[in-house]
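Read in order, the letters of the sequence shown are residues 3 to 287 in the working numbering. Structure record follows, encoded as structure tokens.
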Amino acid sequence: MNPADPHPNRVRSFLFEQLDIRGAWVQLGPAWREMTAGRDYAEPVLGLLGQLAAVTTLVSGNLKQTGRLTFQLRGNGEVSLLIMDCDEQLRLRGMARAATEVAAGNLPTLLGEGSLTLTLDQAGMSQPYQSHVPLQGETVAAVFEHYLAQSEQAPTRLWLAANHETAAGLFLQALPGATLRDADGWNRVQVLADTVRADELLELGSIKLIERLFAEEDVRVYDPRPVNYHCPYDPDKIYAMLQSVGQAECETIIAEQGEIRVHDDICNHEYVLDAAAVVALFKST
3 MNPADPHPNR VRSFLFEQLD IRGAWVQLGP AWREMTAGRD YAEPVLGLLG
53 QLAAVTTLVS GNLKQTGRLT FQLRGNGEVS LLIMDCDEQL RLRGMARAAT
103 EVAAGNLPTL LGEGSLTLTL DQAGMSQPYQ SHVPLQGETV AAVFEHYLAQ
153 SEQAPTRLWL AANHETAAGL FLQALPGATL RDADGWNRVQ VLADTVRADE
203 LLELGSIKLI ERLFAEEDVR VYDPRPVNYH CPYDPDKIYA MLQSVGQAEC
253 ETIIAEQGEI RVHDDICNHE YVLDAAAVVA LFKST
């Protein structure tokens with residue numbers, strides 16, 4: 003990462019000590035640009051995917067055990083799929099599947115009828131945990147506010163923004179007993195946070211943003227954690243897939259097309275094998 007980049011990849015947690023309310027801030031610069039490089043997403047698609055990147059990072063930042071968290075938003079509209087996953091080291095990757103040209107609109111307009119799926123794959127689990135719910139909300143933030151409030155049984159608010167350069171977000175959640183500490187605290191903090199503008203999320207650093215929004219509150223800010231885009235080439239995965247297809251089928255493709263070409267959608271990598279590579283692949287098995 004270029005140290006001069008004004009939008010480094012960072013997530014930062016904070017706590018309203020007198021209110022029992024926790025928060026987190028994220029800003030993705032280089033990682034977001036790496037993820038979208040060469041994708042040519044339409045503007046509305048880019049916005050949705052960037053907001054999903056921000057909220058996935060915020061939620062993953064709370065993972066206590068080794069594992070990978072994946073969110074999928076599927077629909078029957080012009081945007082058919084948004085997918086983002088992140089592990090406990092905050093290594094992020096994701097993609098969108100959509101029509102070439104997509105008109106602006108809210109989430110229901112763009113995705114149509116759809117669902118949100120969470121998959122949590124943690125060390126020691128015999129199989130990944132999965133949760134599948136209908137999409138409820140006009141925005142990515144509203145969908146996740148509803149989902150997190152239901153799944154974590156805690157009032158939750160999100161503010162998200164994204165453009166070509168940066169994806170950013172702000173998260174607030176009332177902890178158990180927050181109303182006993184200050185009956186108006188949760189309402190007051192929400193009102194203050196509702197004044198945030200998209201350009202402030204995208205441009206201001208965490209300390210400046212917290213000072214701007216919550217100047218009168220007692221806020222403890224924790225050290226930031228780095229976030230990285232992580233989607234390396236993985237030829238072994240492709241080789242294993244082709245071996246499962248079988249030598250006869252691979253040789254048929256070679257005979258018809260002269261090569262086997264496999265595109266990894268989530269990482270935007272392409273793998274090409276010629277006849278000699280296919281012979282070597284099955285000779286090694």
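The beta-carbon is built from N, C-alpha and C at its ideal position, and this holds for glycine as well.
Measure how close the beta-carbons of residue i and residue j come, nearest whole angstrom, since I'm counting them as under 8 Å.
i	j	result
Ile268	Arg95	6 Å
Leu112	Val81	5 Å
Ala144	Leu203	About 16 Å; that fails the 8 Å criterion.
Gly114	Asn78	4 Å
Val221	Ile212	6 Å
Leu120	Phe73	6 Å
Gly179	Ile23	That pair is no contact at about 11 Å.
Glu261	Leu275	6 Å
Val104	Ala44	4 Å
Which of the three DSSP states, helix, strand or coil, is assigned to residue i?
i	result
His265	strand
Glu272	strand
Asn189	helix
Gly52	helix
Asp87	strand
Thr127	In the sequence on display, residue 127 carries Met and not Thr. If DSSP states are grouped into helix, strand and coil, Met127 belongs with coil.
Arg12	strand
Thr102	coil
Phe216	coil
Pro228	strand
Asn4	Any reading at Asn4 must be qualified, since the residue scores a pLDDT of 43, below 50, and its modelled position is unreliable; the value itself is stated next. Looking at Asn4 - three-state DSSP - the assignment turns out to be coil, as it is neither helix nor strand.
Leu134	According to the sequence displayed, residue 134 carries His and not Leu. Correct three-state label for His134: strand.
Val61	helix
Leu206	coil
For residue i, count the other beta carbons within 10 Å of its own beta carbon; 16 or more makes it buried, fewer makes it exposed. Which is it?
i	result
Asn11	buried
Leu206	buried
Ser62	buried
If you draw a straight line from the alpha carbon of residue i to that of residue j, how long is it in whole angstroms?
i	j	result
Trp161	Asp42	25 Å
Ala6	Glu258	Note on Ala6: pLDDT 47, under 50, position unreliable in the model; no value is reported.
His134	Asp87	16 Å
Leu17	Ala100	38 Å
Val13	Ala176	19 Å
Leu30	Arg183	34 Å
Ala169	Gly248	42 Å
Thr59	Asn230	10 Å
Ser153	Arg190	24 Å
Gly171	Cys252	45 Å
Cys233	Pro32	14 Å
Asp225	Ser15	8 Å
Val264	Ser208	41 Å
Asp266	Trp34	18 Å
Phe284	Gly52	41 Å
Leu75	Val57	13 Å
Leu174	Ala26	7 Å
Val142	Gln20	30 Å
Ile256	His271	20 Å
Thr181	Gln155	14 Å
Looking only at C-alpha atoms, which of the options sits nearest to residue i?
i	options	result
Val47	Arg24, Ala56 and Thr102	Thr102
Arg227	Glu219, Gln91 and Arg159	Gln91
Leu109	Ile85, Gln138 and Tyr131	Gln138
Ser117	Ala105, Phe146, Gly107 and Tyr131	Phe146
Leu83	Met97, Ala195 and Ile209	Met97
Ala250	Val280, Gly126 and Cys233	Val280
Ala125	Gln67, Gly187, Ala282 and Leu174	Gln67
Asp196	Asp186, Leu21 and Phe216	Phe216
Thr158	His148, Pro136, Pro130 and Glu261	His148
Ala39	Thr181, Asp276, His166 and Ala278	His166
Gln192	Lys210, Asp123 and Glu219	Glu219
Lys239	Thr254, Arg214, Asp123 and Tyr273	Tyr273
Glu36	Arg93, Met127, Val223 and Pro130	Arg93
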